[in-house]
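A.B. asks: I'd like to ask you about the structure that follows.
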Amino acid sequence: MSEAFNSNEAPEPVGLYPHSRKVGNLLFLSGVGPRERGTKKIPGVELSEEGEILSYDIAEQCHSVFKNVRLILEASGSSWDQLIDVTVFLTNMKEDFSTYNKIYAEYFKDNQPCRTTVEISSLPTPIAIELKCIATI
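Sequential numbering of the sequence shown, starting at -11, is according to the numbering used here.
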């Protein structure tokens, strides 16, 4: 048996999937990006008229994605300190890793889940970071 959850505060999923799904005492989050709820606005991103990224601020996106993860965790009956595994997808490891890693350390100084960071060529929306998380409930 599993139960799906959606947050009324986190950005809407961009496809047919829930924000999270509980199985037993584990909570699996779908990929979470830095978008803002109710808009297509992505903090720190400047887009061309064609929707291509002109510039972005990885620090602003990191803060936003961590906020969105927290909102989903809380709406699903979990919390930041119950995260046990985090997979991070970056679109520019060479340029963004040091900034992301520094900000990550601020958010995870007390709770240190397992972490994997992977570089990918792109994400479904014009973002530079996405998190996939597992937490306990």
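Glycine is no exception: its CB is placed at the ideal position from the N, C-alpha and C atoms.
How should G12 be labelled, buried or exposed, when 16 other C-beta atoms within 10 angstroms of its C-beta is the threshold for buried?
C.D. replies: With fewer than 16 other Cβ atoms within 10 Å, it is exposed.
A.B. asks: Just list the beta strand (DSSP E) runs in the stretch 53 to 80, keeping only unbroken ones of 3 residues or longer that don't cross its boundaries, in chain order.
C.D. replies: Runs of the beta strand (DSSP E) inside the stretch 53 to 80: 71 to 78.
A.B. asks: How many angstroms separate the CA atom of S66 from the CA atom of E(-9)?
C.D. replies: Taking the straight line from one Cα to the other gives about 13 Å.
A.B. asks: Quick one: give me the first and last residue of the beta strand (DSSP E) that V11 is part of.
C.D. replies: Looking at the DSSP string, the run of the beta strand (DSSP E) that includes V11 is S8 to V11.
A.B. asks: Let me confirm a value: C102 is counted as buried when at least 16 other C-beta atoms fall within 10 Å, else exposed. Which label applies?
C.D. replies: C102 is exposed by the Cβ-count criterion.
A.B. asks: Under the three-state reduction of DSSP, which class applies to F96: helix, strand or coil?
C.D. replies: F96: coil per DSSP, three-state reduction.
A.B. asks: Could you spell out where the beta strand (DSSP E) holding R103 opens and where it closes?
C.D. replies: Taken as a continuous stretch (DSSP letters only), the beta strand (DSSP E) holding R103 covers C102 to E107.
A.B. asks: Which of the three DSSP states, helix, strand or coil, is assigned to A(-8)?
C.D. replies: DSSP places A(-8) in strand when its eight states are reduced to three.
A.B. asks: So for T87, helix, strand or coil by DSSP?
C.D. replies: Helix at T87.
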